[in-house]
Each structure stands twice: as structure tokens, then as C-alpha cells.
Amino acid sequence: MSADAKPKGIAILGSTGSIGCNTLRVVESLGSERFRVVALGAGRNVEVLADQIATHLPPLVSVDSEAAAHDLRARLFARDVDLPRIVIGEAGLIEVATHAQADCVVSATVGAVGFVPTLRALEAGKRVALANKETLVMAGELMTRAARASGAELLPVDSEHNALHQCLRGEKSAEVRRIILTASGGPFRTKTRAQMQESTVSEALRHPTWNMGAKITIDSATLMNKGLEVIEAHWLFGFLPDQIDIVVHPESVVHSMIELVDGSVMAQMGVTDMRHAIQYALTYPDRQPSGLPPLDLNALSALHFEPPDTVRFPCIALAYRALREGGTLPAAMNAANEEAVQAFIEERITLTDIPQVIEAVMDRHQTQPATELTTILEADRSARSAAADEIRKATKPASLLA
Ligand SMILES: NC(=O)c1ccc[n+]([C@@H]2O[C@H](COP(=O)([O-])OP(=O)(O)OC[C@H]3O[C@@H](n4cnc5c(N)ncnc54)[C@H](OP(=O)(O)O)[C@@H]3O)[C@@H](O)[C@H]2O)c1
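Right under this line is the structure:
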């Protein structure tokens, strides 16, 4: 880095979440001469947000309501921290995503809430380090078109896609036969369908290898996370559904692989710490020492690989179906999944109801071309309403709950 290079401005959507907090740890470890936090977007966790503001002093922050803003101001005042400008709701997240001093926007809110802000960041020509995969699932065509038009870079933070990005560096895409996403298999990899049906929320939240937010952890338990990643991989790298495969790899050491036309397979390996992928997306095309412990190959007794069980985990087939049919169907599938996961977390439906709700919503959905923002938002809205119906049908009446 030359002595007169200015630090890069970083904006984070979802700064208080698992990826957001890890991003700030990466920024701290890389040092203030490289990166400066210029804007933070969060929802309701003002306690963590206040700590982040006190440490990084961003000029702009966003929270999801006036009540949260009020609470945040009081906390900062009590700590004698200079108040940043505080903005609210989706409009606030959009201000964070398009902040004039932001060179890179880390998109790490969860679910559809990050969609329009991430799109606006791409339209504004920012580098987007994307964790929030749901945004690409909803509107891959729109987002990649916006990136092409503005010249924005879209770099994956999801560990599998980050691994693929690393494996694909320097390879000609015509020489890549297929890409192979690895999946840990989640907490129910070895359980029967009956055991899955009986599973509690806390069992589903116990991920064997990664420590993540609640929604992605439930998605990992149903393997919908891998389904979302198949669609994400299509939009990031341009491979067709038949060229995107999944292999279950319980140790989560190989983060993903590519297979070349001559039969060579290239894998990216590493410890299960999201800070590797986040740092790669921030510093690309350069690499910097990370300070994280290296992968200890001698401590690995074995690595296992097995095909996914698409009968016990029907979400995988639903995602391939959505990708093949295209248009607004992936947005509808994503919305139905978000609603069903929330209903499961609130103990209104069982884990095995989740794919049933999604499939019923997909069957009801009238697919449209997904080239306009309004059409995608309408697909999201109508699928949520259809999902609410299906969840109501699946919900056990209180009188039947033991
Ligand atoms: N965690 C991982 O290791 C991992 C790995 C790969 C990909 N991803 C993807 O990265 C994304 C984030 O995952 P995560 O695990 O970091 O989730 P998380 O821990 O649940 O964090 C979600 C973040 O989004 C914010 N948020 C939620 N609703 C909001 C709203 N209405 N307005 C503004 N902000 C809102 C939350 O704010 P408050 O907490 O302040 O309310 C929090 O900062 C997901 O799309 C996930 O699939 C995560």
C-alpha cells in the first residue's frame, strides 16, 4: 500500500448481525490506514450498535424505527459519544448503501429487507461484498444487470461462493465442467424424517460446524440454504443448473470445488471462520495476512463426502425447480421460505412443514418475467400472503397441542 493511499470507506448493512460483527473485526485487524467505517445499518440491536459507533465513529447510521433511534441517541449521549446522523427504515438502509464515501458495501442484513438497498449500492457503482444471498435469489437478473451497467463489482462473502471465486480465478469458464457446492448437512444429516418432524427449534438452531444467525441456521437444517446457494451461484458465475452440484461434507473444511473439462478438481479449504471470506471480499484482488489460525491438516483425521438426501431434504429440489423455471418463482420461493422459517421459530409449524408450505406457495404462484423491481416486489408480497394461508392450514389448533 503506498504511503499516500487513502483508507477505503466501508458501509455495512446488518452491522449488528453475525456477518456484520465479523466484518468489523476484520476491519479492526486490517487497520485504520486501510479501511474506515463510514456508515452502519442495523435493525433493533442498539446496544451492540452503540458499541460499534463508539469504536468506529461512522458519520451515518440507520436503525429500523424511530423508537430504536431514540434509544440509540440516549445511549450515545450517556456515553458522551458524538452523535452520527441517524436515519430510519428502508430509506435509511439505502442511504447507508449509497453513502458517498463508501467504496465497499457489505450486504449482511438477513432476508428480503436488504434487497433494494443492495440493488441501489450496485446501481451506484459500489463494490458489494455480498453475504445476503436472498437478494440474488429474489432478483439475480436485475442485480447482475445493475452491476454490469454501473461497473460495480459483486464479490461473494458466502463461504462456498467465496471458495468458488477463488478456484475460478484465472480459469476460462468454457474449461469449467461444473461447480460443486459443499454442504455440512446440518444438524439433521443423520436423523430420520420422523425425528426431523419432532425436532425442536433449539435442536434445529444447533449447527454442527458454523456459528451463524437464526434464519440461515434453520435454512441449513432444511438444506434450503444450499438451495438458495445453487441459485446464488448461477447468478454470480453464470453456470447452468445442470452444472451446479451439491456434495455433503460434514467437516466443512473444503468450502467448495470446481471440476475442469480435463477432470481436474480444484478445492478451496480453510478453517470454519467467516472472517476469511469477508477479508477476501474486502481486499480483493490483493491478499493480506489475516491473523487467523491456519488450517491444521495434521489434526484432520478424515474428510467425508456423500450425496445429499433429496427425499428427506425436499428444499433442494424446490430450489432447482425455481432456478429452472426462473422469472419471479425464485422470489416467491424465497418469500415463502422466510415466512415458513419465521413460523417454525415461533413454534407455529414443524420443521418438516417448511418445505410443504414453500411447495404449496410455488404451485400457486403465477410466474412473471423478473426484469422489473415492481414485479419482483409484488411476487414477494403475494408469496408472503399465500405463505400465511398455508401456514395457517399447517398450524395445529391450540386445543390439539399437548
Ligand atoms: N452468519 C454467517 O456465517 C453467514 C454465512 C454466509 C451467508 N450469510 C448470510 O448473511 C446474511 C446475514 O446473516 P447473519 O447470520 O449475519 O444474520 P443475523 O446474525 O441474524 O444478522 C442480521 C442482521 O440484519 C439486521 N436486520 C434484520 N432485520 C432488519 C431490518 N428490518 N432493518 C435493518 N436491519 C435488519 C439485523 O439487525 P438487528 O440485529 O440490529 O435487529 C442484523 O444486523 C444472511 O443473508 C445469511 O444467509 C451468513
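Heads up: the sequence shown begins at 9 in my numbering, then just goes up one per residue. Heads up, the beta-carbon is just placed ideally off N, CA and C, and yes, glycines get one too. For clarity, every value in this text was computed on a predicted model and none was experimentally measured.
- If K141 sits next to C112, beta carbons under 8 Å apart, how far is it from one beta carbon to the other, in whole angstroms? Actually they are not in contact, since the Cβ atoms of K141 and C112 sit about 18 Å apart, beyond 8 Å.
- Taking 7 Å as the cut-off, does the CB of G28 come closer than this to any heavy atom belonging to ligand 1? yes
- On the three-state DSSP scale, how would you describe P195? Residue state for P195 is assigned as coil, using DSSP reduced to three classes.
- In or out: N233 buried (at least 16 other Cβ within 10 Å) or exposed? buried
- Message: Quick check on this structure: which residue in A307, L311 and P301 has the alpha carbon closest to the alpha carbon of A275?
- Response: L311
- Pairwise C-alpha distance: L150 and T292: As written in the sequence, residue 292 is Tyr, which differs from the Thr given in the question. Looking at the two C-alpha atoms, the distance is approximately 24 Å.
- Item | I61 versus V184 - alpha carbon distance | 44 Å
- Task: Would you check if the region 346-359 and the region 386-398 touch, i.e. whether three or more CB-CB distances between them fall below 8 Å?
- Result: yes
- For P164, the three-state DSSP class (helix, strand or coil): strand
- Task: For I411, I'd like the list of residues in its chain whose CB is within less than 6 Å of its CB, leaving aside the five on either flank, ordered along the chain.
- Result: Given that the chain is displayed from residue 9 to residue 410, the structure contains no residue 411 and the question cannot be resolved.
- Message: Given this structure, state the Cα-to-Cα distance separating D397 from G49, to the nearest angstrom.
- Response: Cα-Cα distance, rounded: 32 Å.
- Give the secondary structure of G133 by DSSP, where H, G and I count as helix, E and B as strand, and everything else as coil. DSSP places G133 in the coil class of the three-state scheme, outside both helix and strand.
- Query: Is the region 77-88 touching the region 43-58 in the sense that three or more CB pairs, one from each, lie closer than 8 Å?
  - Reply: Yes: at least three Cβ pairs fall under 8 Å.
- Message: I'd like the list of long-range same chain contacts for R214, defined as Cβ closer than 6 Å, with 5 residues on each side in sequence excluded.
- Response: P195
- Roughly how many whole angstroms lie between the Cα atoms of P301 and A139? 22 Å
- Item | Cβ of R329 within 8 Å of any chain B Cβ | Here there is only one protein chain, and chain B is not present.
- Considering only residues of the same chain and omitting the five flanking positions on each side of D361, which have a CB-CB separation below 6 Å? A402, listed in sequence order.
- Query: Measuring from the CB of E142, is there a heavy atom of ligand 1 at a distance below 7 Å?
  - Reply: yes
- What are the boundary residues of the alpha helix (DSSP H) that A212 is part of? Taken as a continuous stretch (DSSP letters only), the alpha helix (DSSP H) holding A212 covers V209 to A212.
- Message: With DSSP as the reference, identify every bridge partner of D253, one or two as the case may be.
- Response: I188
- In its own chain, which residues sit with a C-beta less than 6 Å from the C-beta of G299, not counting the 5 before and 5 after it? S37
- CB-CB under 7 Å to L231, same chain, minus the five flanking residues each way: which ones, in chain order? A191, G194, P316, F321, C323 and I324
- Item | Range of the contiguous beta strand (DSSP E) that encloses I357 | Here I357 belongs to no beta strand (DSSP E), and DSSP marks it neither H nor E.
- Do you know how far the Cα of N30 is from the Cα of I96? 23 Å
- Just how far apart, CA to CA, sit E211 and T318? 21 Å
- Exposed or buried, F313, counting other C-beta atoms within 10 Å across all chains shown (16 or more means buried)? exposed
- Message: At a threshold of 7 Å, does A351 count as lining ligand 1 (C-beta to nearest heavy atom)?
- Response: A351: no, Cβ never under 7 Å from ligand 1.
- Message: If distances are taken between C-alpha atoms only, which option among A132, H257 and D166 comes closest to R153?
- Response: A132
- Using the C-alpha atoms, what's the distance from D90 back to S173? Correcting the residue identity first, residue 173 is His in this sequence and not Ser. So the two alpha carbons sit approximately 40 Å from each other.
- L80 beta carbon less than 8 Å from that of A47: With respect to L80, A47 sits apart: the two C-beta atoms are not nearer than 8 Å.
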